[in-house]
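In this note's numbering, the protein residues as written are 159 to 435. Yeah, the Cβ is synthetic: ideal placement off N, Cα and C, and Gly gets one too. Input: a single structure, listed below in structure tokens.
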Amino acid sequence: MTYSNDEIIKKANNCLKKGINPASAEVALGVAYFEKGSLEKALTHYLKALEINEACAEAHAGLGMSYARLGKSDKVIMHLETALKLSPDCGLIANWIADAYYDIGDLDKAISFYSEALKLDSADNNAQNDMADAYRLKGDHKTALEMYDRALAIDPGDTNALLEKAQCLVQLKEPEKALITLRELITNFPESRDAAAAMVVCAAILGKLGRQNDAYIWFTKSLEFFPYNRMVLFQAAICAYRLNKLHDGIGFVQRILQMNPSDERAKSLLKKLNSKK
């Protein structure tokens, strides 16, 4: 049976009145108020839990998550690392610590804790995917590619992993393999937002390969998902200019200028399109 946050608060307060498991009751109140978005109240109850039992891993974890919402990275890491020491078999806490280091840009520390999370739970696809992201941001695209493949082995439906895998293949100068991965994403998960992004990446790769007709097809398909994305509109307009599809190109640029009349690049491209008519 699932209880609402208000029901949990009521039950936890009754436990406190009766003196039943007070530390656990304070943690329950912290969780309930955290879920309700009342972070200051959540912090108050987690701290009360630690006054009762300073070795309460759940309270330290709750404080870490609450401070994360408040952007207090130093306190996030301190409390989550304490929670992991108190509960060393909890891969989820290791994952949260890794996320905290990732957020402050310490990618090596993040990778270390993502690795720890995966030792504790090898099926943690979030940790696997996030570790791949960390390697990608470090510029180690070869290792990142291996990590995305491991993420996809855990969850073949991870559309973000497919998209980022393709980006790594581009960086590794393997555009044809990237296109295969992107088409797999678009074909198998056509309703996902990552599939729409994959269309844009596909178009950009094809454009660089000189396959302007194919690039144009993907740019126009992606605009069904991103009709007001100025970057996509601009790239589609350039492609249209190269293919002499001047009417379409003018339409794309005019849409940009409707959103931002002062866009100098769009104005310049519009002049080129008009002069070619």
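Checklist line | Three or more C-beta pairs below 8 Å linking the stretch 185-202 and the stretch 159-171 | finding: yes
Checklist line | Chain-order list of residues whose beta-carbon lies under 7 Å from that of Arg413 (same chain, five-residue window excluded) | finding: Leu391
Next item on the list: Would you check if the distance between the CB atom of Ala285 and the CB atom of Tyr272 is smaller than 7 Å?
Entry: yes
Next item on the list: Quick one: residues in its chain with C-beta nearer than 6 Å to the C-beta of Asn418, no 5 flanking neighbours on either side, listed in chain order?
Entry: none
Item checked: Chain-order list of residues whose beta-carbon lies under 7 Å from that of Ile255 (same chain, five-residue window excluded) -> Ile235, Leu238, Glu239, Leu242, Phe271
Next item on the list: At 4 residues or longer, and completely inside the stretch 239-321: list those alpha helix (DSSP H) runs for me, N to C.
Entry: 249-261, 265-278, 283-295, 299-312
Next item on the list: Mark Met389 as exposed unless 16 or more other C-beta atoms lie within 10 angstroms of its C-beta, in which case mark it buried.
Entry: exposed
Next item on the list: Can you tell me which of the three DSSP states Ile178 falls into?
Entry: coil
Next item on the list: Select from Leu265, Leu427, Ala395, Ile408 the residue whose C-alpha is nearest the C-alpha of Ala362.
Entry: Ala395
Notebook entry, point to check: Phe392 lies in the alpha helix (DSSP H); which residues open and close that run?
Noted result: 388-400
Margin query: Using only the alpha-carbon positions, how far apart do Lys230 and Leu404 sit?
Written below: 52 Å
Next item on the list: Tell whether a beta-carbon distance below 7 Å holds between Ala114 and Leu321.
Entry: Here the chain comprises residues numbered 159 to 435, so residue 114 is not present and cannot be evaluated.
Notebook entry, point to check: Just curious, the alpha helix (DSSP H) that Cys214 is in, first and last residue?
Noted result: Where Cys214 is concerned, there is no enclosing alpha helix (DSSP H), given that its DSSP letter is neither H nor E.
Check: Mapping DSSP to helix, strand and coil, what is Thr160?
Finding: coil
Item checked: Cβ separation of Arg294 and Cys326, assumed to be a contact under 8 Å, to the nearest whole Å -> 6 Å
Check: How is Lys169 classed by DSSP in three states: helix, strand or coil?
Finding: helix
Notebook entry, point to check: From Asn211 to Ala181, what does the alpha carbon distance come to, in whole angstroms?
Noted result: 6 Å
Next item on the list: Check whether the Cβ atoms of Val411 and Ser380 lie closer than 7 Å to each other.
Entry: no
Check: Span of the alpha helix (DSSP H) holding Leu415?
Finding: 404-417
Notebook entry, point to check: Got a sec, what are the start and stop residues for the alpha helix (DSSP H) Lys335 sits in?
Noted result: 333-346
Next item on the list: Output the residue ranges of the alpha helix (DSSP H) runs that lie fully inside the stretch 358-389 and measure 4 residues or longer, sorted by chain position.
Entry: 370-380
Check: Between Ala290 and Leu244, is the Cβ-Cβ spacing less than 7 Å?
Finding: no
Check: Looking at C-alpha atoms only, which residue of Asp247, Tyr225, Asn283 is the closest neighbour of Ala258?
Finding: Tyr225
Notebook entry, point to check: Is it the case that the Cβ atoms of Ala144 and Phe377 are separated by a distance below 7 Å?
Noted result: Any property of residue 144 remains undetermined from this structure, which presents the chain solely from 159 to 435.
Next item on the list: Mind reading off the beta-carbon distance from Lys296 to Leu265? Whole number of angstroms is fine, and I expect it under 8 Å.
Entry: 5 Å
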